[in-house]
Amino acid sequence: MKICIFGAGYVGLVAAACFAESGNSVIAVDVDKSRIDGLKEGIIPIYEPGLKEMILRNQAEGRLSFTTEMTEAVQASLVCFIAVGTPPGEDGSADLKYVLGVARNIGQAMNGYKIIVDKSTVPVGTADKVREAVKAELASRNVAFEFDVVSNPEFLKEGAAIDDFMKPDRVVIGTDNVRTAEIMKELYDPYMRKQNRLIVMDIRSAEMTKYAANAMLATRISFMNQIANLCDCMGADVSAVREGIGSDSRIGYDFLFPGPGYGGSCFPKDVKALIKTAEECSYDFLLLKAVEDVNERQKEVLADKLITALGSPDEEQPLTGRTVACWGLSFKPRTDDMREAPAITIIERLLAAGATVRAHDPEALKEAKKHFGDRIEYSTNQYAILENADALTIITDWSEYRNPDFDRIKSALKSPLVIDGRNLYKPDRMAAAGFRYLPLGRCGVGICGEVK
Ligand code: UDX
Numbered sequence: 036m037k038i039c040i041f042g043a044g045y046v047g048l049v050a051a052a053c054f055a056e057s058g059n060s061v062i063a064v065d066v067d068k069s070r071i072d073g074l075k076e077g078i079i080p081i082y083e084p085g086l087k088e089m090i091l092r093n094q095a096e097g098r099l100s101f102t103t104e105m106t107e108a109v110q111a112s113l114v115c116f117i118a119v120g121t122p123p124g125e126d127g128s129a130d131l132k133y134v135l136g137v138a139r140n141i142g143q144a145m146n147g148y149k150i151i152v153d154k155s156t157v158p159v160g161t162a163d164k165v166r167e168a169v170k171a172e173l174a175s176r177n178v179a180f181e182f183d184v185v186s187n188p189e190f191l192k193e194g195a196a197i198d199d200f201m202k203p204d205r206v207v208i209g210t211d212n213v214r215t216a217e218i219m220k221e222l223y224d225p226y227m228r229k230q231n232r233l234i235v236m237d238i239r240s241a242e243m244t245k246y247a248a249n250a251m252l253a254t255r256i257s258f259m260n261q262i263a264n265l266c267d268c269m270g271a272d273v274s275a276v277r278e279g280i281g282s283d284s285r286i287g288y289d290f291l292f293p294g295p296g297y298g299g300s301c302f303p304k305d306v307k308a309l310i311k312t313a314e315e316c317s318y319d320f321l322l323l324k325a326v327e328d329v330n331e332r333q334k335e336v337l338a339d340k341l342i343t344a345l346g347s348p349d350e351e352q353p354l355t356g357r358t359v360a361c362w363g364l365s366f367k368p369r370t371d372d373m374r375e376a377p378a379i380t381i382i383e384r385l386l387a388a389g390a391t392v393r394a395h396d397p398e399a400l401k402e403a404k405k406h407f408g409d410r411i412e413y414s415t416n417q418y419a420i421l422e423n424a425d426a427l428t429i430i431t432d433w434s435e436y437r438n439p440d441f442d443r444i445k446s447a448l449k450s451p452l453v454i455d456g457r458n459l460y461k462p463d464r465m466a467a468a469g470f471r472y473l474p475l476g477r478c479g480v481g482i483c484g485e486v487k
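This is the structure in structure tokens:
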């Protein structure tokens with residue numbers, strides 16, 4: 036099938052590579068000339084395992100190309116995907132200027148029947164706006180080509196994007212007619228090997244599904260973070276609680292890990308946007324407001340633990356003269372993405388408290404430098420930043436932190452204090468090895484000492 040994809044960002048690039056991988060002919064379009072020039076030369080603007088190899092392979096086979104020429108791309112394609120950004124506007128609602136800009140470009144360029152697919156995460160009702168924008172352009176050109184608009188939200192996770200796309204749990208297609216549903220089924224058929232679950236529904240429900248999925252996942256995380264904080268107060272162990280509740284098949288084990296708060300390009304933005312959508316129809320989405328509030332507070336928990344353990348909480352800068360080593364900066368492992376990363380809030384708070392901060396991350400140092408500049412120290416060696424530091428705090432659960440050389444950590448640190456925002460280690464073993472180990476919600480294991 037001949038496809039063009041507008042937006043060579045995260046979703047657009049992964050979709051372009053994966054559609055080409057199944058033999059489709061794909062043109063990826065972006066207005067950013069330097070990005071397209073780079074892609075033509077094999078420079079991939081994001082880090083995602085397996086993506087570079089897949090892009091290079093399909094480019095070499097002639098199935099995947101990159102361009103800034105929108106007209107040619109539209110005219111050569113039956114299906115035009117819109118995968119541009121929907122950044123939050125000042126009031127938290129999704130800003131549709133890029134999506135509708137692409138819709139107008141498609142209307143300007145169309146030379147026959149097209150299927151226009153919204154892959155960007157867009158509020159309920161956007162497909163109607165896309166349809167209107169395309170119609171207006173066709174009318175201004177005095178032409179009457181047929182087209183359909185489809186909602187096809189993307190559920191891929193950063194760090195596992197290729198796998199999620201090639202073997203999705205489900206594909207959701209929102210359409211108002213059978214012809215389009217059949218073409219979309221044909222396009223997605225090669226990806227139905229893990230689960231044969233292509234769900235066709237009306238357009239508005241498809242748009243809503245994406246927000247509801249992310250809002251539900253964010254709710255689970257905020258819920259579990261509060262349970263963990265309560266476990267800290269009550270002397271219970273959140274890992275045992277997770278086992279206990281996860282065994283109920285209605286609950287399940289996934290997405291119940293406490294942490295320093297959710298981040299990334301999706302959850303924070305989509306939760307905000309759904310609250311805003313609700314407001315627009317005078318509905319108060321109380322639950323999601325609490326989810327958001329809890330998440331903001333959770334980003335403070337690691338710094339709170341550090342200040343209580345190391346500082347003089349009454350002083351204005353309680354960590355003056357202290358050095359804190361941070362493992363992990365990206366919002367989650369296997370990505371260099373720092374968008375809404377809890378590390379930003381945590382480190383800003385440590386700096387404001389007067390601490391010297393040193394950081395290690397396997398991929399995100401470049402992105403982190405854009406944010407912190409020379410206000411913190413960086414290293415590509417996870418042990419080097421520990422020398423004479425007063426504490427180690429773990430913010431992101433990169434796999435290289437899971438089984439480190441504990442002897443090396445202990446002899447490097449000035450005091451053997453480890454504040455673990457991802458619960459990576461066994462509390463009893465850490466205690467036996469002489470660490471003062473403060474995980475999240477595991478005081479029931481009896482090692483939290485005086486710090487709660
Ligand atoms: C998410 C959705 O999972 C995906 O379906 C959607 O398309 C985009 O948003 P992503 O942002 O890549 O994907 O990250 P995800 O792996 O879902 O993690 C989101 C955040 O939740 C991270 O900050 C992570 O650390 C946090 N998290 C996740 C927890 O704190 N606890 C958990 O148990 C799971």
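Sequential numbering from 36 applies to the sequence shown in this note's numbering.
Every residue gets a Cβ at the ideal spot worked out from N, C-alpha and C, and that includes glycine.
Keep in mind the model is a prediction, meaning the values are calculated, not measured.
With respect to 7 Å, is the separation between the Cβ of residue 193 and the closest non-hydrogen atom of the ligand UDX below this value?
-> As a first step, residue 193 is located in the sequence shown; it is residue number 158 there, counting from the start. Answer for residue 193: yes, Cβ within range of the ligand UDX.
Out of 263, 100, 269, 47, point me to the one whose CA is closest to residue 196's CA.
-> In the sequence shown, residue 196 corresponds to position 161, counting from 1. Comparing Cα positions, the closest option is 47.
Going by CA-CA distance only, name the one from 463, 474, 398 that's closest to residue 416.
-> By 1-based counting over the sequence shown, the position of residue 416 is 381. Nearest option by C-alpha distance: 398.
Could you give the distance in angstroms between the alpha-carbon of residue 103 and the alpha-carbon of residue 154?
-> Sequence index remark: in the sequence shown, residue 103 carries index 68 (1-based). Sequence index remark: in the sequence shown, residue 154 carries index 119 (1-based). In a straight line, the C-alpha of residue 103 is about 19 Å away from that of residue 154.
Roughly how many whole angstroms lie between the Cα atoms of residue 389 and residue 206?
-> Locating residue 389 in the sequence shown gives position 354, counting from the first residue. Locating residue 206 in the sequence shown gives position 171, counting from the first residue. The straight-line gap from Cα to Cα measures roughly 49 Å.
How would you write the range of the beta strand (DSSP E) that residue 190 sits in, first residue to last?
-> Residue 190 sits at position 155 when you count from the first residue of the sequence shown. Looking at the DSSP string, residue 190 is not in any beta strand (DSSP E), and its letter there is neither H nor E.
Residue 272 versus residue 342: straight-line alpha-carbon distance, rounded = The residue you call residue 272 lines up with position 237 of the sequence shown. The residue you call residue 342 lines up with position 307 of the sequence shown. Taking the straight line from one Cα to the other gives about 22 Å.
In terms of alpha-carbon separation, which member of 228, 194, 270, 61 lies closest to residue 82?
-> Your numbering for residue 82 matches position 47 in the sequence shown. Per the Cα distances, 194.
Where do the N-terminal and C-terminal ends of the alpha helix (DSSP H) with residue 488 fall, by residue?
-> It is not possible to answer for residue 488, since the shown part of the chain is limited to 36 through 487.
Going by CA-CA distance only, name the one from 356, 222, 55 that's closest to residue 97.
-> By 1-based counting over the sequence shown, the position of residue 97 is 62. Among 356, 222, 55, the Cα nearest to that of residue 97 belongs to 55.
Considering only C-alpha positions, which residue in the set 336, 298, 300, 238 is nearest to residue 264?
-> Here the question's residue 264 lines up with position 229 in the sequence shown. Selected option, being the one with the closest Cα: 336.
Check whether the Cβ atoms of residue 488 and residue 420 sit closer than 8 Å, and answer yes or no.
-> Because residue 488 is not part of the residues shown, which for the chain are 36 to 487, the question remains open.
Local conformation of residue 40 per DSSP, three classes = Along the sequence shown, read from residue 1 onward, the residue named residue 40 stands at position 5. Residue state, collapsed to three classes: strand.
Span of the beta strand (DSSP E) holding residue 60?
-> Here residue 60 corresponds to residue number 25 of the sequence shown, with the count starting at 1. Unbroken beta strand (DSSP E) run through residue 60: 60 to 64.
State yes or no: is the C-beta of residue 461 nearer than 7 Å to some heavy atom of the ligand UDX?
-> Residue numbering aside, residue 461 sits at position 426 when the sequence shown is read from its first letter. No, Cβ of residue 461 sits at least 7 Å from all heavy atoms of the ligand UDX.
Per DSSP, cross-strand counterpart(s) of residue 213 = The residue given as residue 213 occupies position 178 in the sequence shown. In DSSP, residue 213 forms no bridge with anything.
Closer than 7 Å by C-beta to residue 484: which residues in its own chain qualify, once you throw out the five before and the five after it? Chain order, please.
-> Position 449 of the sequence shown, counting from 1, holds the residue named residue 484. Only weak support exists for where residue 484 lies, its pLDDT of 45 falling under 50; the coordinates are left without a value.
Leaving out five residues before and five after residue 476 in sequence, what residues of the same chain have Cβ atoms less than 6 Å from its Cβ?
-> As a first step, residue 476 must be located in the sequence shown, where it is residue number 441. Cβ within range, chain order: 263, 266, 267, 273, 293.
In the DSSP assignment, what are the bridge partners of residue 353?
-> Counting from one through the sequence shown, the residue named residue 353 turns up at place 318. Residue 353 is not bridged to any residue.
Going by CA-CA distance only, name the one from 182, 376, 157 that's closest to residue 166.
-> On the sequence shown, position 131 is the one that residue 166 refers to. Selected option, being the one with the closest Cα: 182.
How is residue 242 classed by DSSP in three states: helix, strand or coil?
-> Taking the sequence shown and counting its residues from 1, one reaches residue 242 at position 207. Residue state, collapsed to three classes: helix.
Taking 8 Å as the threshold, find out whether the segment 232 to 243 comes into contact with the segment 440 to 459 through three or more Cβ pairs.
-> no
May I have a chain-ordered list of the beta strand (DSSP E) segments no shorter than 3 residues that lie completely inside the segment 359 to 411?
-> 391 to 395
Same chain, Cβ closer than 6 Å to residue 327, neighbours up to 5 away in sequence not counted | Indexing the sequence shown from 1 puts residue 327 at position 292. Excluding positions up to five away in sequence, the list reads 306.
Rounded C-beta distance between residue 162 and residue 242? I'm assuming under 8 Å.
-> On the sequence shown, position 127 is the one that residue 162 refers to. On the sequence shown, position 207 is the one that residue 242 refers to. Going by Cβ atoms, the distance from residue 162 to residue 242 rounds to 7 Å, so yes, they are a contact pair.
With DSSP collapsed to three states, give me the class of residue 145.
-> Start at 1 with the first residue of the sequence shown, and residue 145 comes out as number 110. Correct three-state label for residue 145: coil.
Span of the beta strand (DSSP E) holding residue 100?
-> Within the sequence shown, the letter at position 65 stands for residue 100. Here the beta strand (DSSP E) through residue 100 covers 99 to 102.
Pick out whichever of 438, 456, 372, 382 has its Cα sitting closest to the Cα of residue 44.
-> Looking up residue 44 in the sequence shown gives position 9. It is 372 whose Cα lies nearest to the Cα of residue 44.
Would you please state the rounded distance, in angstroms, between the beta carbons of residue 141 and residue 169? I believe it to be under 8 Å.
-> Taking the first residue of the sequence shown as position 1, residue 141 is located at position 106. Taking the first residue of the sequence shown as position 1, residue 169 is located at position 134. Rounded, the Cβ-Cβ distance is 6 Å, consistent with contact.
Go through its chain and collect everything with a Cβ distance to residue 310's Cβ below 8 Å, but skip five positions before and after it.
-> Counting from 1 along the sequence shown, the entry for residue 310 is found at position 275. Within the same chain, residue 310 has close Cβ partners 127, 320, 323, 324, 327.
Could you please give me the residues that DSSP links to residue 493 through a beta bridge?
-> The structure shown does not extend to residue 493, since the chain is modelled only from 36 through 487, so no value can be given for it.
How long is the line joining the alpha carbons of residue 132 and residue 291, rounded to whole angstroms?
-> Mapped onto the sequence shown, residue 132 falls at position 97. Mapped onto the sequence shown, residue 291 falls at position 256. One C-alpha to the other measures close to 35 Å.
Starting from the C-beta of residue 383, find all residues in its chain whose C-beta is less than 8 Å away, skip the five residues before and the five after it, and write them out in chain order.
-> Translated into the one-based positions of the sequence shown, residue 383 becomes position 348. There are no such residues.
Assigned secondary structure, residue 183 (DSSP; H/G/I helix, E/B strand, else coil) = As a position in the sequence shown, residue 183 is number 148, starting the count at 1. Strand.
Would the C-beta of residue 475 count as close to the ligand UDX, meaning under 7 Å from any of its heavy atoms?
-> What you label residue 475 is simply residue 440 of the sequence shown in a count that begins at 1. Result no, Cβ not under 7 Å from the ligand UDX.
If residue 159 sits next to residue 312, beta carbons under 8 Å apart, how far is it from one beta carbon to the other, in whole angstroms?
-> Residue numbering aside, residue 159 sits at position 124 when the sequence shown is read from its first letter. Residue numbering aside, residue 312 sits at position 277 when the sequence shown is read from its first letter. Going by Cβ atoms, the distance from residue 159 to residue 312 rounds to 6 Å, so yes, they are a contact pair.
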